[in-house]
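In this note's numbering, the protein residues as written are 286 to 532. Some notes on the structure that comes next.
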Ligand code: MN
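The following block contains the structure:
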């Protein structure tokens, strides 16, 4: 029996004083929900902090069979050639650089990639796309995407395009999702196409246009596993793609 695939999961940083220490220090931050979601479908989660050396990342890409780009703060706007909007917040250019390099290495290896929230945005930027820096001030007629109750509760619907991977995963053309983002995809990057949109036109899903195993969702399936079977099946998709991936 083949070994379970190793899934690289990106992480951010935060500063806080751990319980055994009095002084604040920088910490690796990866919500446990991503780790549990990957483990639950049979993957071996391997959390990748923002690393400095491209050679370290390339080694990890050689070890792993799948890549999960997790959520987090905003991507620095200069990464896609725009000046910062006043609402741009929580940027971490070091994390951006690490994840952009990780995606390039993964693409060179043909590694399957799942991007969630910040992760779908990172995927788009890595492929030369842009972002809407602040939905409330830049999308006319925008619905609420950054709800008062982040977590598992689903708060808005998305329309899922027929004939897409997301359509086959969800088995529906309308899905209620959670939402915790004030940014969204702008101009689409190369080799990607849209699989889902909210009622206001905000992009909520993308996939590889050429059959390359890329899936991106703007919502947080890892937080809503018990709400709809589709959310767990998104992670199963990554596991199945990772299982057939040969580094
Ligand atoms: Mn949304």
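No residue lacks a Cβ here, since even glycine has one placed at the ideal position from N, Cα and C. Owing to the predicted nature of the structure, the values given are computational and were not obtained by experimental measurement.
Inter-residue distance for residue 429 and residue 300 is about 29 Å (C-alpha atoms, whole angstroms).
The C-beta distance from residue 297 to residue 314 rounds to 5 Å, short enough to fall under 8 Å. Just so you know, the alpha carbons of residue 358 and residue 303 end up roughly 21 Å apart. If you look at residue 463, you'll find it isn't in any alpha helix (DSSP H); DSSP assigns it neither H nor E. For residue 314, the secondary structure class from DSSP, reduced to helix, strand or coil, is strand. The alpha-carbon separation between residue 509 and residue 402 amounts to approximately 14 Å. Note that the stretch 404-416 touches the stretch 347-356; at least 3 beta-carbon pairs, one per stretch, sit closer than 8 Å. Cα atoms of residue 484 and residue 360: separation of roughly 24 Å, rounded to the nearest angstrom.
Secondary structure of residue 444 (DSSP, three-state): strand. Cβ contact annotation for residue 490 (same chain, cutoff 6 Å, sequence separation greater than five): 451, 480, 481 and 502, in chain order.
When only Cα atoms are considered, residue 321 and residue 345 end up about 20 Å apart.
Secondary structure at residue 379: helix, using DSSP grouped into helix, strand and coil. Remark: fewer than three beta-carbon pairs, one from each stretch, lie closer than 8 Å, so the stretch 434-450 and the stretch 406-416 are not flagged as touching. Note: residue 483 is bridge-paired with 443 in the DSSP secondary-structure output. In the three-state DSSP reduction, residue 306 falls in the coil class, being neither helix nor strand. The alpha helix (DSSP H) runs lying completely inside the stretch 483-515 and spanning 4 residues or more number zero.
For residue 347, the enclosing alpha helix (DSSP H) has its first and last residue at 339-348. Bounds of any beta strand (DSSP E) do not take in residue 450; it lies within the alpha helix (DSSP H) bounded by 450-455. Any heavy atom of the ligand MN within less than 5 Å of a residue's beta carbon puts that residue on the list, which reads 430 and 464. Around the C-beta of residue 307, fewer than 16 other C-beta atoms lie within 10 Å, and the residue is accordingly described as exposed. Pairing residue 515 with residue 455 gives a Cβ-Cβ distance under 7 Å. Taking 7 Å as the cut-off, the beta carbon of residue 349 is found closer than this to the beta carbon of residue 293.
For residue 330, the uninterrupted beta strand (DSSP E) run begins and ends at 329-333, by DSSP. Taking the Cα positions, residue 425 is about 40 Å away from residue 331.
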